[in-house]
Amino acid sequence: MRSKKIIAAMAAILAASLALTGCSNGDEDRQSAPKRTEIKSIGLMVQDMSNPFFSSMDKEAKKEAKRIGARLNVQDAQLDLATQDNQISAFIEQNVDLIIVSAVDESGLQPAIKRARDAGIIVVAVDTPAKGADAIVTTDGVQAGQLACSYLSEKLGSKGNILIVDGTPIQTITDRIKGCKQALKKYPGIKVVAQQASKNDRATGLTVTTDMLTANKDVQGIFGMNDPSALGAALAVEQAGRQDQIIVTGIDASPQGVDELKRAGSPFIGAATQNPRAMVDQAVKFAQDKVKGKTPKKTTILIPSEMITRDNVNKYKGW
18 MRSKKIIAAM AAILAASLAL TGCSNGDEDR QSAPKRTEIK SIGLMVQDMS
68 NPFFSSMDKE AKKEAKRIGA RLNVQDAQLD LATQDNQISA FIEQNVDLII
118 VSAVDESGLQ PAIKRARDAG IIVVAVDTPA KGADAIVTTD GVQAGQLACS
168 YLSEKLGSKG NILIVDGTPI QTITDRIKGC KQALKKYPGI KVVAQQASKN
218 DRATGLTVTT DMLTANKDVQ GIFGMNDPSA LGAALAVEQA GRQDQIIVTG
268 IDASPQGVDE LKRAGSPFIG AATQNPRAMV DQAVKFAQDK VKGKTPKKTT
318 ILIPSEMITR DNVNKYKGW
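Take my numbering: the final residue in the sequence shown is number 336, and no numbers are missing along the way.
Next up, the structure:
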């Protein structure tokens, strides 16, 4: 009889133990992952390597990896979420120490990021927020939008009709539009007569601007939320033969944007900067501090923006 009671008690203890195991959470999984003490390997994931913004990140990541003696693996998602999910799985298999990711989708990558962090990998999102990442390093998009639209308004003499070439609905772009509209409140003489979304590239920037110009004959200015869309808008202005009537600003101060600022007769007059190199540098710094037990209190790191115009473009170091 006594042996039966002992067996029953042991069974109860085992059942309780299994129940506790089944209730484990991500934090417990993360605590059981191997602790990183240095950054020996880095996985860089970019949205689209054909964009010079991301090729600049690639170059800087190579410099940073060499500086700290780490291996670097660079992956191009070509704007596909499923591809990025698979790339994170591959990095987990490779047991990299740091993943730097410019996410195609802010929320869609969250399960993959959780898997990486549960494996003890530090994940830093750059340019675009990614839910679940240890930190985000991005341009101060609100400030960039304010700079670009304030400059546009001032060059228009604080009055006139403008178009906004919007983009895909991700946080970095919505911040820029928010900043632009905040700035425009200081210029009651400026009126937004149309706003359409591009796909963040020159081709769709050209198309949506052409459509807006056709529907709105009385336009003096255009704000494009990145350089590709703004350069597409500038081309639409020129194709319409209205380069003497309309001016354009953007955000990036990319190599192509700089070339356009230097081109005589272009309607493109200025761009608020982004700094993809600084984003990579800050991501690596965050990871190095974290493995040394010096995790910064701020997990959102904003890179300040400045306005590049025809007047100061020759002093701008660029990407």
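Idealized CB from N, CA, C, for every residue including glycine.
Small disclaimer: the values here were computed from a predicted structure and weren't measured.
query	result
Assigned secondary structure, asparagine 233 (DSSP; H/G/I helix, E/B strand, else coil)	coil
Alpha-carbon to alpha-carbon, serine 106 and glutamate 277	40 Å
Meets three-Cβ-pair contact criterion under 8 Å: the stretch 253-266 and the stretch 116-130	no
CA-to-CA distance, proline 321 to lysine 203, given in whole angstroms	21 Å
Rounded C-alpha distance that separates proline 313 from lysine 307	8 Å
Arginine 84, buried or exposed, once every other Cβ within 10 Å from all chains shown has been counted against 16	exposed
Distance between beta carbons of valine 159 and glycine 241, contact taken as under 8 Å	Wrong, their Cβ atoms sit about 17 Å apart, outside the cutoff.
Candidates Ser283, Gly249, Asp244, Gly137: closest to glutamine 260 by CA position	Ser283
Three-state secondary structure (DSSP) of alanine 220	helix
The stretch 279-295 in contact with the stretch 121-129 per 3-pair CB rule at 8 Å	no
Straight-line gap, alanine 232 to glycine 177 (C-alpha atoms, nearest Å)	16 Å
Residues that serine 58 bridges to, as DSSP identifies them	Arg88
Residue span of the beta strand (DSSP E) that contains methionine 324, given as start and end	324-326
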